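Chemist: Have a look at this one before I ask anything.
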Amino acid sequence: MKDIETDRLILSEFSLDDAPFILEMLNDPAWLEFIGDRSVKTLDDARDYIANKLQKAFREFGFGMLLVELKDGTPIGTCGLLKREYLDDLDIGFAFLPAFRGKGYALEAASATIEWGKKNLGMKRILAFTDANNAASITLIKKLGLEFERLMADFPDDDAEIELYGKDI
Numbered sequence: 001m002k003d004i005e006t007d008r009l010i011l012s013e014f015s016l017d018d019a020p021f022i023l024e025m026l027n028d029p030a031w032l033e034f035i036g037d038r039s040v041k042t043l044d045d046a047r048d049y050i051a052n053k054l055q056k057a058f059r060e061f062g063f064g065m066l067l068v069e070l071k072d073g074t075p076i077g078t079c080g081l082l083k084r085e086y087l088d089d090l091d092i093g094f095a096f097l098p099a100f101r102g103k104g105y106a107l108e109a110a111s112a113t114i115e116w117g118k119k120n121l122g123m124k125r126i127l128a129f130t131d132a133n134n135a136a137s138i139t140l141i142k143k144l145g146l147e148f149e150r151l152m153a154d155f156p157d158d159d160a161e162i163e164l165y166g167k168d169i
């Protein structure tokens, strides 16, 4: 997949060299609270996660979660499109390190990712879901123009209250 560039960001596929960033991101308290523990505790775990989760999605579908970097190469987060068996449409996912939240980077990355999906995958609809207690995520989802559709009572592997949002694009 070709990189996605915005005014301030570059979104690209993860490489094994991104293991230190993945280790930090997946152990961020907000990630653990709202996304969940992925049991990534070492650099080897992070490399395994990249190879068997992140890169695997690109091999299977041609898209997935992307590394979000500032134009100077500083890794700041992740954003991408996901295909889940239990959803009819693709959903957008995102997470950013604490120092880079509240600066508009997530909106910029997510907007560019949705536009890429529309142009390159022919997407007609986008979904997003989040923990009902994740106010920052809900704010971003609404800024993207998605509207609340329903609670996901049947959400796999989670006891949290999960809200599903959607939008025709």
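Numbering-wise, my numbering puts 46 at position 46 of the sequence shown, and it's gapless, one number per residue.
Just so you know, even glycine gets a beta-carbon here, dropped at the ideal spot from N, CA and C.
Small disclaimer: the values here were computed from a predicted structure and weren't measured.
With 16 other CB atoms within 10 Å as the buried threshold, where does Y105 fall?
Modeler: buried
Chemist: Mind reading off the beta-carbon distance from A51 to L16? Whole number of angstroms is fine, and I expect it under 8 Å.
Modeler: 7 Å
Chemist: Note down, in chain order, each residue of its chain lying with its Cβ closer than 6 Å to the Cβ of E69, except the 5 sequence neighbours on either side.
Modeler: Cβ within range, chain order: I10, P75.
Chemist: At what residues does the beta strand (DSSP E) containing L66 begin and finish?
Modeler: 65 to 70
Chemist: Ordered along the chain, which non-local residues of its own chain (more than five positions away) have a Cβ less than 6 Å from that of R101?
Modeler: none
Chemist: Between N27 and K41, what straight-line distance do the alpha-carbon atoms span, to the nearest angstrom?
Modeler: The straight-line gap separating the alpha-carbon atoms of N27 and K41 is approximately 8 Å.
Chemist: Would P98 pass as a contact of A30 if the rule is Cβ separation under 9 Å?
Modeler: yes
Chemist: Nearest-angstrom Cα distance between A109 and R38?
Modeler: 23 Å
Chemist: Just verifying my parser: in three-state terms, what is the DSSP assignment at I35?
Modeler: The answer is coil: DSSP assigns I35 none of H, G, I, E or B.
Chemist: S111 lies in the beta strand (DSSP E); which residues open and close that run?
Modeler: Segment 105 to 121 is the alpha helix (DSSP H) holding S111; no beta strand (DSSP E) there.
Chemist: Could you have a look at A57 and say whether DSSP puts it in helix, strand or coil?
Modeler: Correct three-state label for A57: helix.
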